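Asks:
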Amino acid sequence: MPSYIWAIIIVMALIVLFVLSYVLNKNTPKPEGCEKLDAACKTCPITSCLKNSKDKEEKE
Amino acid sequence: MALISLGFGAILVSNVLLSQFLGICSFIGVSTQKKNAIGMSFAVIFVLVLASVVTWCIYHFLLIPLGINYLDQIVSILVIATLVQFVEMFLKKFIPKLYEALGIYLPLITTNCAILGVATTNIQNNYSFIEAVVYAVCIGVGYLLVMFIFSSIREKIEVAPVPKYFKGIPVAFVLAGVMALAFYGFGGIF
Numbered sequence: 003m004p005s006y007i008w009a010i011i012i013v014m015a016l017i018v019l020f021v022l023s024y025v026l027n028k029n030t031p032k033p034e035g036c037e038k039l040d041a042a043c044k045t046c047p048i049t050s051c052l053k054n055s056k057d058k059e060e061k062e
Numbered sequence: 043m044a045l046i047s048l049g050f051g052a053i054l055v056s057n058v059l060l061s062q063f064l065g066i067c068s069f070i071g072v073s074t075q076k077k078n079a080i081g082m083s084f085a086v087i088f089v090l091v092l093a094s095v096v097t098w099c100i101y102h103f104l105l106i107p108l109g110i111n112y113l114d115q116i117v118s119i120l121v122i123a124t125l126v127q128f129v130e131m132f133l134k135k136f137i138p139k140l141y142e143a144l145g146i147y148l149p150l151i152t153t154n155c156a157i158l159g160v161a162t163t164n165i166q167n168n169y170s171f172i173e174a175v176v177y178a179v180c181i182g183v184g185y186l187l188v189m190f191i192f193s194s195i196r197e198k199i200e201v202a203p204v205p206k207y208f209k210g211i212p213v214a215f216v217l218a219g220v221m222a223l224a225f226y227g228f229g230g231i232f
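Residue numbers (our numbering), protein chains in the order written: chain L, 3 to 62; chain E, 43 to 232.
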């Protein structure tokens, strides 16, 4: 089998694994008191982050 | 002896934060409290070692035999992203306190360039499996050491009479610069 086919298979397998882990993680319920963790953003210096800018807009 | 040299070199001389300047986001962001800094450091060590082991195995047992070693970066990124999802799930289930403490920074481990940097260095320097594990653990220990010292000093600086415009992140950067200079002094050891 040509090597590029293996490359596609491996990358696809890893993407599927990532999507699977992402879905599993999303479906895992958050512990009590951890529903809103955006408060930690106040110390984050990355202003280009979507979550951070949203947090600042809400404060304004 | 070579492993000891590699380990101490990774902790002190080529420290991931103060010498290689990788993972600066979490370094500044999570170091306001010692407790959070230590929690974050252990999460980073865990993901760092696991990611190094998995990427090393994939690279040497899969990518090289198949002649597709040019995929190392993509594979490393996907492995790290997947591992972080699993770590987050584990913390949600079993250590909710740490999950709460790490907050938004836990998903940020995915984009922590220190982890990708170590996985890439292992491959570039052609480390053996043992060397790769030792290097990853020691880079993690170096991260923990600096985070612990930095967060301890930042806790004191919070209550110190710092000029108004230097409060918070600016003084943290000054402090990071001074610490980097101090760590630069270890340069001649190994």
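Yeah, the Cβ is synthetic: ideal placement off N, Cα and C, and Gly gets one too.
On a predicted model such as this, the values are computed, not experimentally measured, just so you know.
Under the three-state reduction of DSSP, which class applies to Q75 (chain E): helix, strand or coil?
Replies: If you number the second sequence from 1, residue 75 (chain E) lands on position 33. Three-state result, Q75 (chain E): coil.
Asks: Within the same chain, show all residues whose beta-carbon is closer than 6 angstroms to that of I181 (chain E), passing over the 5 residues directly before and after it, in chain order.
Replies: Locating residue 181 (chain E) in the second sequence gives position 139, where the first residue counts as 1. Taken in chain order, the residues that qualify are A52, V58, V160.
Asks: So I110 (chain E) and L158 (chain E) are supposed to be a Cβ contact under 8 angstroms. How far apart are they, rounded?
Replies: Counting from one through the second sequence, the residue named residue 110 (chain E) turns up at place 68. Counting from one through the second sequence, the residue named residue 158 (chain E) turns up at place 116. So it is not a contact: roughly 19 angstroms between Cβ atoms.
Asks: Compare the beta carbon distance of M221 (chain E) and V72 (chain E) with 9 angstroms and say whether it is the shorter of the two.
Replies: Along the second sequence, read from residue 1 onward, the residue named residue 221 (chain E) stands at position 179. Along the second sequence, read from residue 1 onward, the residue named residue 72 (chain E) stands at position 30. The answer is no: Cβ separation not under 9 angstroms.
Asks: So, T97 (chain E) versus I165 (chain E), is the Cβ gap smaller than 9 angstroms?
Replies: Numbered from its first residue, the second sequence carries residue 97 (chain E) at position 55. Numbered from its first residue, the second sequence carries residue 165 (chain E) at position 123. Yes.
Asks: Using the beta-carbon of each residue, which ones in chain E are nearer than 8 angstroms to V13 (chain L)?
Replies: Position 11 of the first sequence, counted from the start, is the residue given in the question as residue 13 (chain L). Within 8 angstroms Cβ-Cβ: L113, I116, V117, L120.
Asks: Do the segment 192-209 of chain E and the segment 67-85 of chain E touch if we need at least three Cβ pairs shorter than 8 angstroms?
Replies: Cβ pair count under 8 angstroms is three or more, so yes.
Asks: Excluding the 5 residues preceding and the 5 following D114 (chain E) in the sequence, name in chain order all residues of the same chain whose CB lies nearer than 6 angstroms to its CB.
Replies: Residue mapping note: residue 114 (chain E) aligns to position 72 of the second sequence, counting from 1. Closer than 6 angstroms at Cβ, skipping near neighbours: Y101, I165.
Asks: What would DSSP say about L217 (chain E), mapped onto helix, strand or coil?
Replies: The residue labelled residue 217 (chain E) in the question sits at position 175 within the second sequence. DSSP places L217 (chain E) in helix when its eight states are reduced to three.
Asks: Expressed to the nearest angstrom, what Euclidean distance is found between the alpha-carbon atoms of G230 (chain E) and M14 (chain L)?
Replies: In the second sequence, residue 230 (chain E) corresponds to position 188, counting from 1. In the first sequence, residue 14 (chain L) corresponds to position 12, counting from 1. So the two alpha carbons sit approximately 46 angstroms from each other.
Asks: Locate the alpha helix (DSSP H) running through V30 (chain L), then write down its first and last residues.
Replies: By 1-based counting over the first sequence, the position of residue 30 (chain L) is 28. In the sequence as displayed, the identity of residue 30 (chain L) is Thr instead of Val. Note, T30 (chain L): premise wrong, no alpha helix (DSSP H); not H, not E.
Asks: Skipping 5 residues on each side, what residues in its chain have a beta carbon closer than 8 angstroms to that of V91 (chain E)?
Replies: Numbered from its first residue, the second sequence carries residue 91 (chain E) at position 49. Hits under 8 angstroms: V175, A178, V179, G182.
Asks: Assign C16 (chain L) to one of two classes, buried (16 or more other C-beta atoms within 10 Å of its C-beta) or exposed (fewer than that).
Replies: Here residue 16 (chain L) is taken as the residue at index 14 of the first sequence, counted from 1. Checking the sequence shown, residue 16 (chain L) turns out to be Leu, not Cys. Classification for L16 (chain L): buried.
Asks: Which of the three DSSP states, helix, strand or coil, is assigned to K3 (chain L)?
Replies: Against the first sequence, residue 3 (chain L) aligns to sequence position 1. Looking at the sequence shown, residue 3 (chain L) is not Lys but Met. Here M3 (chain L) sits in coil by DSSP.
Asks: Could you work out which residues of chain L lie near A123 (chain E), taking near to mean beta carbons separated by less than 7 angstroms?
Replies: Counting from 1 along the second sequence, the entry for residue 123 (chain E) is found at position 81. Result: F20.
Asks: State yes or no: is the beta carbon of F128 (chain E) nearer than 9 angstroms to at least one beta carbon in chain L?
Replies: Along the second sequence, one-based indexing puts residue 128 (chain E) at 86. Yes, contact with chain L.
Asks: Just the Cα atoms here: how many angstroms apart are V129 (chain E) and S61 (chain E)?
Replies: Looking up residue 129 (chain E) in the second sequence gives position 87. Looking up residue 61 (chain E) in the second sequence gives position 19. Approximately 27 angstroms between the Cα atoms of the pair.
Asks: So which residues of chain L does K135 (chain E) contact, with C-beta pairs closer than 8 angstroms?
Replies: Here residue 135 (chain E) refers to the residue found at position 93 of the second sequence. The answer, in chain order, is T30.
Asks: Please confirm if P138 (chain E) has its CB atom under 9 angstroms from at least one CB of chain L.
Replies: Locating residue 138 (chain E) in the second sequence gives position 96, where the first residue counts as 1. It does; some Cβ of chain L falls within 9 angstroms.
Asks: Taking Cβ-Cβ distances shorter than 7 angstroms, what residues in chain L pair up with Y141 (chain E)?
Replies: Here the question's residue 141 (chain E) lines up with position 99 in the second sequence. Neighbours of Y141 (chain E) on chain L, chain order: P33, C36.
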